[in-house]
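In my numbering, the protein residues as written are 9 to 634.
Virtual Cβ for every residue (Gly too), placed ideally from N, Cα, C.
Everything numeric in this text was worked out from a predicted model, so none of it was measured.
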Amino acid sequence: MWRRNFMHLLNSIESRTCRHISAVSTGSGRYFLLNNKQKFHHQWLLSAKKHETKSKYINNLDIVDQNTFTYRTHTCGELRSNNVGEKVMLCGWVQFVRLSKFLLIRDSYGQTQCIVNNSDINISDIPLETIVMINGTVAARPKSMYNPEMETGEIEVIIDKIDILNEVDKLPFNLRNYQKPKEQLRLQYRYIDLRFPEMQSNLRQRSLLLHNMRKFLVEKHRFVEVETPTLFCRTPGGAREFIVPTHYSGLFYSLVQSPQQFKQMLMVGGIDRYFQIARCYRDETTRPDRQPEFTQLDIELSFTNLDYIINMIEQLLQETFLEDLPKSPFKRMTYKEALENYGSDKPNLTYEWKLNNISNLFKQDSADFNFGAFSLAYSRSLGKLTTKYKETINSLRKKYNVKIILNENISRDIGQDINNQLKGITGEENDNIIALGDKENVCLCLGDIRELLAPLLKSKNLLSWKDTIEPLWVVDFPLFVKGEDGLQTCHHPFTAPHPEDLHLLDSDPLKVRSLAYDIVLNGNEVGGGSVRIHNAELQKKILDILNIDSSYLLHFINALKSGCPPHGGIALGIDRLMAIACRAESIRDVIAFPKTHEGKDPLSGAPNEVNDEDKKYYHIRSIESK
9 MWRRNFMHLL
19 NSIESRTCRH
29 ISAVSTGSGR
39 YFLLNNKQKF
49 HHQWLLSAKK
59 HETKSKYINN
69 LDIVDQNTFT
79 YRTHTCGELR
89 SNNVGEKVML
99 CGWVQFVRLS
109 KFLLIRDSYG
119 QTQCIVNNSD
129 INISDIPLET
139 IVMINGTVAA
149 RPKSMYNPEM
159 ETGEIEVIID
169 KIDILNEVDK
179 LPFNLRNYQK
189 PKEQLRLQYR
199 YIDLRFPEMQ
209 SNLRQRSLLL
219 HNMRKFLVEK
229 HRFVEVETPT
239 LFCRTPGGAR
249 EFIVPTHYSG
259 LFYSLVQSPQ
269 QFKQMLMVGG
279 IDRYFQIARC
289 YRDETTRPDR
299 QPEFTQLDIE
309 LSFTNLDYII
319 NMIEQLLQET
329 FLEDLPKSPF
339 KRMTYKEALE
349 NYGSDKPNLT
359 YEWKLNNISN
369 LFKQDSADFN
379 FGAFSLAYSR
389 SLGKLTTKYK
399 ETINSLRKKY
409 NVKIILNENI
419 SRDIGQDINN
429 QLKGITGEEN
439 DNIIALGDKE
449 NVCLCLGDIR
459 ELLAPLLKSK
469 NLLSWKDTIE
479 PLWVVDFPLF
489 VKGEDGLQTC
499 HHPFTAPHPE
509 DLHLLDSDPL
519 KVRSLAYDIV
529 LNGNEVGGGS
539 VRIHNAELQK
549 KILDILNIDS
559 SYLLHFINAL
569 KSGCPPHGGI
579 ALGIDRLMAI
589 ACRAESIRDV
599 IAFPKTHEGK
609 DPLSGAPNEV
619 NDEDKKYYHI
629 RSIESK
């Protein structure tokens with residue numbers, strides 16, 4: 009019943025006003041909405057089914073007005089045949105002019121065709137993308153001239169008056185999907201690039217996701233949104249941070265890489281269910297899935313454990329994510345299982361292709377505790393790899409310092425007997441790539457090769473690939489990993505060790521597991537968290553093992569001593585979540601004003617030089633690097 013009533017409401021909204029649903033349609037109206045409508049229908053269906061409290065919001069969809077507080081009467085995607093005869097005012101960009109008679113006006117919600125029936129009105133000299141205001145009368149198009157590709161395709165507006173609100177100069181590129189410029193130019197003129205329909209849709213979907221996340225946390229589960237400072241002290245043991253000079257000589261702030269310390273101190277202060285849409289900063293090399301500044305949904309709560317937090321996030325994503333997800337519980341595997349089966353701590357489960365542990369075939373080397381031998385089997389129908397793939401595999405071999413044996417060299421390099429045994433394990437119909445060396449590096453190397461060859465196998469129909477979202481929890485990470493100068497934390501120094509491994513902290517710290525957990529979607533880590541250390545003595549011990557001077561964290565240690573409840577939390581990367589939901593190639597496509605690969609801003613040219621007066625005030629000077 010709820011579904012039938014809802015779809016009736018949805019159809020009535022679309023046919024009468026489209027004021028909510030068309031908010032996500034952009035550019036030329038229906039041609040882009042059709043690609044995304046299913047996502048939004050699914051979102052509201054989920055909302056109606058999961059939340060009785062949302063029914064009031066859904067019932068009010070038909071009265072949402074996107075024209076309040078403006079002088080337009082309708083959006084350019086709103087008019088329908090039932091508006092025929094009405095006097096309207098439209099505002100937007102000139103998309104197209106034809107024969108000095110037809111003008112297509114566009115805004116963020118769609119397009120409307122307007123026509124000139126008055127010889128006193130001249131539209132032939134109006135540059136495209138000029139901002140205009142049109143007063144006119146809605147008329148029905150002849151049925152033979154209906155345009156089913158436009159939401160407003162059954163009507164047109166006869167222009168009574170047109171006012172140019174802002175005439176455009178020559179633009180650096182055309183707003184045509186088939187003429188899209190390169191990304192560097194798009195980023196340099198991002199304010200124009202934002203007019204593309206997919207950018208409009210991505211940002212509006214992002215807004216919807218954040219809105220629904222807030223509703224889930226606040227209205228259903230009574231979390232408290234708390235803003236925490238951006239300027240703080242340096243946090244040792246984490247990512248490199250941006251430093252901010254002050255007018256006090258030699259004294260600096262750091263931009264927070266996350267609200268980690270603050271949210272834990274909020275637990276001490278009795279704010280037991282905290283969240284924040286947090287801006288975070290890390291001075292790291294920019295990759296397609298990383299920016300120097302990024303947004304995360306930050307959550308922390310008291311008197312909880314790993315399973316409770318995982319259950320909470322699964323419910324949150326089920327009710328807010330813009331794509332279909334499998335039913336809870338999501339798949340879960342240990343770090344060891346992920347590494348040995350897929351060669352990654354964030355495996356892509358959209359295709360089932362596992363590594364094979366063949367260490368037992370190399371008994372003479374198995375005395376080495378860290379030795380590992382694994383193979384990656386693939387269909388013999390693929391044939392020999394091209395030089396391009398071999399060169400990439402050789403680069404990976406050097407990166408991980410392991411021995412790689414390609415299929416054509418197995419008998420020569422390790423003998424026919426082992427090759428025969430290998431065929432018995434992986435199948436006569438398969439070829440193999442073998443890696444030998446340090447076990448972890450061997451798995452990681454083959455994991456990268458797996459990611460490299462999977463699209464090739466898919467293109468030849470030799471690997472089955474699911475076009476769905478495959479979520480996965482990875483748990484039981486090591487607490488410590490080897491670093492160049494001793495041990496480093498696998499996550500951050502506030503992560504609690506697994507209680508079953510506490511006895512190993514002094515004797516064998518590399519065997520200590522942590523109470524950390526990551527959530528992975530299709531090979532992308534979209535969130536991570538942990539149960540935290542709430543005991544001051546244990547926290548100091550972990551800092552000592554990591555050779556971190558605890559005096560830098562004295563304020564935090566004192567907070568733990570002040571009656572800190574057991575607590576844990578998680579942070580979800582909003583940019584990565586949105587990139588997956590929108591099927592974007594890069595997180596830059598779901599951020600309004602992103603940085604480039606180099607962490608620079610093409611729009612303003614930042615980072616920029618500062619003048620000598622500012623340098624003097626902040627007690628800084630520039631030193632040329634050699």
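Tell me which residues share the same chain as A544 and place their Cβ nearer than 7 Å to its Cβ, disregarding the 5 neighbours each side in the sequence.
In the sequence shown, counting from the first residue as 1, residue 544 sits at position 536. I565, L568 and K569, listed in sequence order.
query = Measuring CB to CB, does Q304 end up less than 8 Å from R540?
reply = Counted from its first residue, the sequence shown places residue 304 at position 296. Counted from its first residue, the sequence shown places residue 540 at position 532. Not closer than 8 Å, so no.
Review point. Taking buried to mean at least 16 other C-beta atoms within 10 Å of its own C-beta, is Q424 buried or exposed?
Key: In the sequence shown, the residue the question calls residue 424 occupies position 416. Exposed is the call here.
When DSSP labels each residue in this structure, what does K109 get in the three-state scheme?
Counting from one through the sequence shown, the residue named residue 109 turns up at place 101. Of the three classes helix, strand and coil, the one that applies to K109 here is coil, per DSSP.
Item to complete: For V226, name the three-state secondary structure that DSSP assigns.
Response: Here residue 226 is taken as the residue at index 218 of the sequence shown, counted from 1. The three-state reading of DSSP puts V226 in helix, counting H, G and I together.
Report task. State the Cα-Cα distance for the pair Y117 and H229, rounded to the nearest angstrom. Result -> Here residue 117 refers to the residue found at position 109 when the sequence shown is read from its first residue. Here residue 229 refers to the residue found at position 221 when the sequence shown is read from its first residue. If you take the alpha carbons of Y117 and H229, they lie about 34 Å apart.
Notebook entry, point to check: How is N616 classed by DSSP in three states: helix, strand or coil?
Noted result: The residue you call residue 616 lines up with position 608 of the sequence shown. DSSP places N616 in coil when its eight states are reduced to three.
query = Buried or exposed: which applies to H506, given that a residue is buried once 16 or more other Cβ atoms fall within 10 Å of its Cβ?
reply = As a first step, residue 506 must be located in the sequence shown, where it is residue number 498. Per the 10 Å Cβ criterion, buried.
Ignoring anything shorter than 4 residues or poking outside the stretch 189–260, list the alpha helix (DSSP H) runs there in chain order. List check, alpha helix (DSSP H) in window: 191–196, 198–201 and 205–222.
Exercise. On a CA-only basis, which of Y386, K474, L454 and K411 is nearest E436? Give me that one, please.
Key: Sequence index remark: in the sequence shown, residue 436 carries index 428 (1-based). Out of Y386, K474, L454 and K411, Y386 has the C-alpha closest to the C-alpha of E436.
Next item on the list: Quick one: give me the first and last residue of the beta strand (DSSP E) that Q272 is part of.
Entry: Within the sequence shown, the letter at position 264 stands for residue 272. Per DSSP, Q272 belongs to no beta strand (DSSP E); it is in the alpha helix (DSSP H), Q268 to V276.
With the cut-off set at 8 Å, would you say I131 and L111 are in Cβ contact?
If you number the sequence shown from 1, residue 131 lands on position 123. If you number the sequence shown from 1, residue 111 lands on position 103. A contact, by the Cβ cut-off of 8 Å.
Once you ignore the five residues that flank N438 on each side, which residues in its own chain have a CB closer than 7 Å to its CB?
-> The sequence position of residue 438 within the sequence shown is 430, counting from 1. In its chain, beyond the 5 residues on either side, A385, Y386, S387 and R388 have a beta carbon closer than 7 Å to the beta carbon of N438.
Just to confirm my understanding: we take I163, look at its own chain, exclude 5 residues before and 5 after, and list those with CB closer than 7 Å. What are they? Start at 1 with the first residue of the sequence shown, and residue 163 comes out as number 155. So the qualifying residues of the chain are L87, R88, S89, N91, V92, V146, A147, A148 and R149.
From A443, L554 and N530, residue whose alpha carbon lies closest to that of T497:
If you number the sequence shown from 1, residue 497 lands on position 489. The alpha carbon of T497 has as its nearest neighbour, out of A443, L554 and N530, the alpha carbon of L554.
Determine whether the beta carbon atoms of N365 and F379 lie at a separation below 8 Å. On the sequence shown, residue 365 is found 357 positions in, with the first residue counted as 1. On the sequence shown, residue 379 is found 371 positions in, with the first residue counted as 1. In this structure, N365 keeps its C-beta atom at 8 Å or more from the C-beta atom of F379.
Q: Report the partner residues of E308 according to the DSSP bridge assignment.
A: Position 300 of the sequence shown holds residue 308. DSSP output for E308 lists Y282 and G577 as bridge partner(s).
From the DSSP secondary-structure annotation, give me the bridge partner or partners of D526. By 1-based counting over the sequence shown, the position of residue 526 is 518. For D526, which the question treats as bridged, DSSP gives the partners V482 and G536.
>> For a test of the three-state rule: what should DSSP assign to Y386, helix, strand or coil?
In response: As a working note, residue 386 is residue 378 in the sequence shown. Y386 falls in the strand class under three-state DSSP.
Helix, strand or coil at T83 [DSSP, three-state]:
For this step, residue 83 is matched to residue 75 along the sequence shown. Judged by DSSP in its simplified three-state form, T83 adopts coil rather than helix or strand.
Quiz prompt | Y359 beta carbon less than 8 Å from that of A462 | solution = Position 454 of the sequence shown, counted from the start, is the residue given in the question as residue 462. Position 351 of the sequence shown, counted from the start, is the residue given in the question as residue 359. Taking the C-beta atoms as reference points, Y359 is found nearer than 8 Å to A462.
- Check N438 in the structure and name its three-state DSSP category. Your numbering for residue 438 matches position 430 in the sequence shown. Judged by DSSP in its simplified three-state form, N438 adopts strand.
With distance defined between alpha-carbon atoms, name the residue in C99, E94 and K95 nearest to N640. Outside the displayed span of the chain (9 to 634) sits residue 640, for which this structure offers no information.
task: Identify, in the order they occur along the chain, each residue of the same chain with its Cβ nearer than 8 Å to the Cβ of G258, setting aside the five sequence neighbours on each side.
output: On the sequence shown, residue 258 is found 250 positions in, with the first residue counted as 1. Excluding its 5 nearest sequence neighbours in each direction, G258 has C-beta neighbours in its own chain below 8 Å: H627, listed in chain order.
Below 8 Å on the Cβ atoms is my contact criterion, and I expect T81 with V96 to pass it. Report the Cβ-Cβ distance as a whole number of Å. One-based indexing of the sequence shown puts residue 81 at position 73. One-based indexing of the sequence shown puts residue 96 at position 88. The Cβ separation is near 5 Å, so the contact holds.
Q. With which residues is M97 paired in a DSSP beta bridge?
A. The residue labelled residue 97 in the question sits at position 89 within the sequence shown. Per DSSP, N143.
Give me, in chain order, the residues of the same chain whose beta-carbon lies closer than 8 Å to that of L363; leave out the 5 immediate sequence neighbours on both sides. Locating residue 363 in the sequence shown gives position 355, counting from the first residue. Once the five neighbours on either side are set aside, the close Cβ partners of L363 are E348, N349, Y350, G351, F382, S383, L384, C451, L454, G455 and R458.
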